[in-house]
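> One structure is given below, represented as structure tokens, and several questions about it will come after.
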Amino acid sequence: MSVATGHLPVDVLLDYWLRDSDAAATDAVDEHLMQCDACGHALDELVALGEGVRGAFRAGAVSAVMSRAFVQRLAGQGLRVREYHLAHNGSVNCTVAPDDELLVSYLEAPLQGVQRLDAVTELSLEPGVQHRLEDVPFDARTGEVLYLPKIAAVKQQPANTLRVTLLAVDAGGTREVGRYTYHHRPWPGDAPT
Ligand SMILES: [Zn+2]
């Protein structure tokens, strides 16, 4: 991360706030925040959005899930947000631009009666390796789940396929409620090195 060339990108601030940064990154953010009121204000805004959002994030190299309202507030603050909508059991061709700050997808799913929702992700770059996000937030009323991969990692990925499976979990067991496929391509001109 370079903090010398401008303000802190939102994903860097998010990682910092979620205490997901490594020591060097944390030091760099601390140093920048001491000199920059604009970024301090941006961090205050994130904190003001509530501790609940922190709880909505699930660590791991892959992803986070949060509410539509939170995304709209971030977009309203001028963040560059790239959004994809996936129909139930749908797929999408996706990419990320170098200056995008958040990558959000909306997954349609039948969620009536669902008590707890887990998401299992598998990337074609790591065949057979599954990451399970437990108890992800969802809105049963709108039948919608938001999925946010870590954008910094996605920007470095070569072409790949990501599969996300949503699982409803209750006392009776686990059942699949939706399955989604992302066909990712790097931004044109960003040849993988
Ligand atoms: Zn700044």
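Mapped onto this note's numbering, the consecutive letters of the sequence shown carry residue numbers 26 to 218.
Ideal placement from N, C-alpha and C gives every residue a C-beta, glycine not left out.
This one's a predicted model, so the numbers in the text were calculated from it and none came from an experiment.
(1) From D40 to S46, what distance separates their C-alpha atoms?
(2) Three or more C-beta pairs under 8 Å: does that hold for the stretch 125-133 against the stretch 166-177?
(3) Report, in whole angstroms, the separation of the C-beta atoms of G203 and H113, which I expect to be a contact under 8 Å.
(4) For ligand 1, which residues have a Cβ under 6 Å from at least one heavy atom, in chain order?
(5) Tell me whether D36 is buried or exposed, calling it buried when 16 or more other Cβ atoms sit within 10 Å of its Cβ.
(6) Between E159, T186, V121 and D164, which lies nearest to P152 when the distance is taken from Cα to Cα?
(7) Give the straight-line distance between the Cα atoms of L99 and R107, rounded to the nearest whole angstrom.
(8) Is the CB of L68 under 9 Å away from at least one CB in chain D?
(9) Of all the options R210, L192, G197 and R93, which has the alpha carbon lying nearest to the alpha carbon of R166?
(10) For G197 and Y109, I'd like the C-alpha separation in whole angstroms.
(11) Using a threshold of 9 Å, state whether the C-beta atoms of L132 and V72 are closer than that.
(12) Taking R157 and D195 to be in contact with their CB atoms under 8 Å, please state how far apart those CB atoms are, rounded to whole angstroms.
If we stick to the structure as given:
(1) In the sequence shown, residue 40 corresponds to position 15, counting from 1. In the sequence shown, residue 46 corresponds to position 21, counting from 1. Between D40 and S46, the C-alpha separation is close to 5 Å.
(2) yes
(3) Residue 203 sits at position 178 when you count from the first residue of the sequence shown. Residue 113 sits at position 88 when you count from the first residue of the sequence shown. Right, the Cβ-Cβ distance comes to about 6 Å (below 8 Å), so this counts as a contact.
(4) H32, L33, H57, C61, A63 and C64
(5) Sequence index remark: in the sequence shown, residue 36 carries index 11 (1-based). With 16 or more other Cβ atoms within 10 Å, it is buried.
(6) Along the sequence shown, read from residue 1 onward, the residue named residue 152 stands at position 127. Closest by alpha carbon: T186.
(7) Here residue 99 is taken as the residue at index 74 of the sequence shown, counted from 1. Here residue 107 is taken as the residue at index 82 of the sequence shown, counted from 1. Straight-line spacing of the CA atoms in L99 and R107 works out to 12 Å.
(8) Of the protein chains in this structure there is only one, and it is not chain D.
(9) Residue 166 sits at position 141 when you count from the first residue of the sequence shown. For R166, the nearest C-alpha among the options comes from R93.
(10) Numbered from its first residue, the sequence shown carries residue 197 at position 172. Numbered from its first residue, the sequence shown carries residue 109 at position 84. Taking the straight line joining both Cα atoms gives about 33 Å.
(11) In the sequence shown, the residue the question calls residue 132 occupies position 107. In the sequence shown, the residue the question calls residue 72 occupies position 47. No, they are not a contact pair.
(12) Numbered from 1 along the sequence shown, position 132 holds the residue referred to as residue 157. Numbered from 1 along the sequence shown, position 170 holds the residue referred to as residue 195. About 16 Å; that fails the 8 Å criterion.
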